[in-house]
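Enquirer: Protein chains in written order, with the numbering used here: chain A, 805 to 1120; chain B, 397 to 839.
C-beta atoms are modelled at their ideal positions from N, C-alpha and C, and glycine is treated no differently.
Mind having a look at this structure? Questions to follow.
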């Protein structure tokens, strides 16, 4: 990472303010980790429940640094050819066809087989050079001159083999391509890995990263987030809906509402011109943040109680 | 890396957070970057570098708060008037008279460091450390000052002496609280580990009742560990090794042309176990553990059938399935609702029962596990049946809680059974049990 960003990472409040401008509210813990990651040149491994803004964090860092974001979405079966590089087979084939005359010319008819091979060997592996290499996200990230933000999303979905393969990239910022050699990064990318904890990541991977756990936000932080994402919504309604959501998270349900769903709900309430929560309104819009039939039933049972509680909290 | 961070990291390690060398280097860099000035910042930074999962974060937070606590030596109550320290007094007395809180804390920490308080392991060491730290802080000097002040006899100096006397208790209380705190911090997990090692290596029959609860946890963990180790599906195919026999066989259809190559595979078989456990009086002190263990196996291994015997034999798989551990074990030991006679051990009748009723449970894939001391009260040993079982099953494992020299003495039929056992082991500690299960699950 070049020193031109040093100013942006001078202090933790500076990062928090900068992120706020990019419409992302961070806790102090998050800002501290980003600060350290930048100064120590380490990747960040972000864990936490779904929908707390793990991916968004990487996007915000990219916006803040004014760098391109390169995203690698992990899934089961992801391998090197999808993540690192691939030979442009079609192009190789096409070129050999086009250059057929050239090759004929190069290799005389009188030459014996071994002579022809020797002649061909005088030319380097033209067909296995940069021109025929299709860089995939990881390689692309290493090649960027001005640096980049590399987001390796949901790394827990990938296989163990791929995780092991990542280690080289993460610790030395280099990759090895057998035909070409080892490629070092031009500028160290800022790497963010996210995980939903569907499986335990290996010790080796964790060791190479700084670890950040983003939990569900506390009420004040969540109100802040709503405020900045949905600026038109009234203060009292924000207070009510955040109180409501926070209470719902305490219930024993299959999938608790995430921040992004809170934001969606706030937008919907805004469109419906609601000023206050009332049970009917909540019941009609419940499906926006509760996604399972059983969950809806559980929340509906408590609905009246929760709504009145939320309204009372706002003093309305 | 500085001492404070080093101590803190070893504390974290002691509490069960795994920290590698590279991570501690990261932490050191982070500290260089952020400094010790701001508590919150330091905590966040170290958390990012050292604790790498949500549970670890919790442990970290707890350790951090305890490690970096500075609430010792609270201010004196205001009403006691401050007194001037006289010339020639020890530095401790001076600090006490002047109410120098920071100085006292520093001296105490310094003393604790020189005395290696972080090596504390047992609660019995606490008073020793308290005395040593007090000595280091200069308690002798304080005592001398008090004595001299009393001897000098003037009212003001005896008032100062009384004041110092009070202060002495105050120092004592604080140091003790500090040692207590540090003991909890440093020793906690170490002491647990010691106890666990002790429990694992002690003969099960010698264990006291009060450790039962803990043993249960250890057994559960042990079974869980074994299961974790063996339940994970590894990639079954061995890459690139031709299975020649299979290839030949399969390609007969193509007139012997090797048209369709077959590759070698590693087959992992799920364990299939029949466990037979003696619950008679001769092994009564062990039965509980054997049953606990059996219960654990029952929960973890899918294909398992458990039997118990004393004067006769009966199946108890359903009891393990239906009841929580304590109740299941109690029920079996008492024979509640079970068709079992708890009289003299009778291997004759028990083996015959097994042969007549449950022989179909044993197949060529089954591992048969017998837990018992082979003390048969001079009945017919029925080696014939054991031979049949042994020939039918994949492996017959006999675990005998008696030590080897006792095998075959008196009414023990162990020597006669020996030829039919594929594995015969002495088993009376948890470590024995663990090793056996490992061999049970391994292919």
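Taking all protein chains shown into account, decide if residue 1069 (chain A) is buried (16 or more other Cβ within 10 angstroms of its Cβ) or exposed.
Expert: Per the 10 Å Cβ criterion, buried.
Enquirer: Taking the alpha-carbon positions, what's the residue 474 (chain B) to residue 579 (chain B) distance?
Expert: No answer about residue 474 (chain B) holds up, because its pLDDT of 46 lies below 50 and its placement is not dependable.
Enquirer: Mind checking the region 850–871 of chain A against chain B and listing, in chain order, the residues whose C-beta falls within less than 9 Å of any C-beta there?
Expert: Answer in chain order: 851 and 852.
Enquirer: Is the distance from the Cβ of residue 851 (chain A) to the Cβ of residue 1062 (chain A) below 8 Å?
Expert: No, Cβ-Cβ distance for residue 851 (chain A) and residue 1062 (chain A) is not below 8 Å.
Enquirer: In whole angstroms, what is the alpha-carbon distance linking residue 1035 (chain A) and residue 950 (chain A)?
Expert: Each residue's alpha carbon lies about 34 Å from the other.
Enquirer: Does any residue of chain A bring its CB to less than 8 Å from the CB of residue 340 (chain B)?
Expert: Limits of chain B in this structure are 397 at one end and 839 at the other, which puts residue 340 (chain B) out of reach.
Enquirer: Are any of the Cβ atoms in chain A nearer than 8 Å to that of residue 441 (chain B)?
Expert: It does; some Cβ of chain A falls within 8 Å.
Enquirer: Would DSSP call residue 650 (chain B) helix, strand or coil?
Expert: The answer is helix: DSSP assigns residue 650 (chain B) an H, G or I state.
Enquirer: Straight-line CA distance for residue 844 (chain A) to residue 877 (chain A)?
Expert: If you take the alpha carbons of residue 844 (chain A) and residue 877 (chain A), they lie about 25 Å apart.
Enquirer: Does the Cβ of residue 452 (chain B) have 16 or more other Cβ atoms within 10 Å, making it buried, or fewer, making it exposed?
Expert: Residue 452 (chain B) is buried by the Cβ-count criterion.
Enquirer: Out of A:835, A:1064 and A:1010, which one is the CA nearest neighbour of residue 968 (chain A)?
Expert: For the residues A:835, A:1064 and A:1010, the minimum Cα distance to residue 968 (chain A) belongs to A:1010.
Enquirer: Use the C-beta contact count for residue 796 (chain B): other C-beta atoms within 10 angstroms, 16 or more gives buried, fewer gives exposed.
Expert: Buried, because 16 or more other Cβ atoms sit within 10 Å of the Cβ of residue 796 (chain B).
Enquirer: Does any CB atom of chain B fall closer than 8 Å to the CB of residue 805 (chain A)?
Expert: For residue 805 (chain A), the predicted structure reports a pLDDT of 48, less than 50, and the residue's modelled location is therefore unreliable. The matter cannot be settled from this model.
Enquirer: Return the CA-CA distance between residue 1033 (chain A) and residue 1071 (chain A), expressed in angstroms with no decimal places.
Expert: In a straight line, the C-alpha of residue 1033 (chain A) is about 9 Å away from that of residue 1071 (chain A).
Enquirer: Is residue 842 (chain A) close to chain B? Criterion is C-beta to C-beta, closer than 8 Å.
Expert: No - not a single Cβ of chain B is within 8 Å of the one on residue 842 (chain A).
Enquirer: Locate the beta strand (DSSP E) running through residue 796 (chain B), then write down its first and last residues.
Expert: Residue 796 (chain B) -> beta strand (DSSP E) spans 791–796.
Enquirer: Look at residue 765 (chain B) and residue 670 (chain B) and say whether their C-beta atoms are less than 8 Å apart.
Expert: Contact flag set, yes.
Enquirer: Can you pull the chain A residues whose beta carbon is under 7 Å from the beta carbon of residue 419 (chain B), in chain order?
Expert: Near residue 419 (chain B) (Cβ distances below 7 Å), the residues of chain A are 1011.
Enquirer: With a threshold of 8 Å between beta-carbons, can residue 760 (chain B) be considered close to chain A, or not?
Expert: Judged by the 8 Å Cβ criterion, residue 760 (chain B) is not in contact with chain A.
Enquirer: Examine chain B for any beta-carbon lying closer than 8 Å to the beta-carbon of residue 833 (chain A), and answer yes or no.
Expert: Yes, its Cβ sits closer than 8 Å to a Cβ of chain B.
Enquirer: Does the Cβ of residue 993 (chain A) lie closer than 7 Å to at least one heavy atom of the ligand HEM?
Expert: The ligand HEM is not among the ligands present in this structure, which contains no ligands whatsoever.
Enquirer: Check the Cβ of residue 846 (chain A) against every Cβ in chain B and list those closer than 8 Å, keeping chain order.
Expert: Result: 422.
Enquirer: How should residue 692 (chain B) be labelled, buried or exposed, when 16 other C-beta atoms within 10 angstroms of its C-beta is the threshold for buried?
Expert: With 16 or more other Cβ atoms within 10 Å, it is buried.
Enquirer: For residue 341 (chain B), decide whether its Cβ has a neighbour in chain A, counting only Cβ atoms nearer than 8 Å.
Expert: Residue numbering for chain B in the displayed model covers 397 to 839; residue 341 (chain B) lies beyond these limits and cannot be assessed.
Enquirer: Does residue 762 (chain B) come out as helix, strand or coil in the three-state DSSP assignment?
Expert: Coil at residue 762 (chain B), not helix or strand.
Enquirer: Determine the burial state of residue 824 (chain B): buried for a count of at least 16 other Cβ atoms within 10 Å of its Cβ, exposed for fewer.
Expert: When all chains shown are included, residue 824 (chain B) counts as buried.
Enquirer: Which full runs of the beta strand (DSSP E) of 3+ residues lie inside the region 974–1008 of chain A, going along the chain?
Expert: Complete beta strand (DSSP E) runs here, min 3: 978–981, 985–988 and 994–999.
Enquirer: Could you give the distance in angstroms between the alpha-carbon of residue 722 (chain B) and the alpha-carbon of residue 689 (chain B)?
Expert: Looking at the two C-alpha atoms, the distance is approximately 12 Å.
Enquirer: With H, G and I counted as helix, E and B as strand and the rest as coil, what does DSSP make of residue 660 (chain B)?
Expert: In this structure, residue 660 (chain B) counts as strand in the three-state DSSP scheme.
Enquirer: Could you list which residues in chain B have their beta carbon closer than 7 Å to that of residue 1015 (chain A), in chain order?
Expert: Those are 444, 447 and 448, listed as they occur along chain B.
Enquirer: In chain A, what lies closer than 9 Å to residue 581 (chain B) by C-beta?
Expert: Simply none; closest approach about 23 Å.
Enquirer: Tell me the residue span of the alpha helix (DSSP H) that contains residue 503 (chain B).
Expert: Counting along the chain, the alpha helix (DSSP H) containing residue 503 (chain B) begins and ends at 497–510.
Enquirer: Can you grab the Cα-Cα spacing for the pair residue 710 (chain B) / residue 964 (chain A), in whole Å?
Expert: Going by the C-alpha atoms only, they are around 46 Å apart.
Enquirer: Does the region 1107–1114 of chain A come within contact of the region 1072–1085 of chain A, defined as at least 3 CB pairs closer than 8 Å?
Expert: With a cut-off of 8 Å, the region 1072–1085 of chain A and the region 1107–1114 of chain A count as touching, because enough Cβ pairs lie within range.
Enquirer: For the beta strand (DSSP E) holding residue 800 (chain B), just list the boundary residues, first then last.
Expert: First-last for residue 800 (chain B): undefined, no H or E at that position.
Enquirer: Would you report the Cα separation of residue 1113 (chain A) and residue 408 (chain B), rounded to the nearest angstrom?
Expert: Rounded to whole angstroms, residue 1113 (chain A) to residue 408 (chain B) spans 42 Å at the Cα level.
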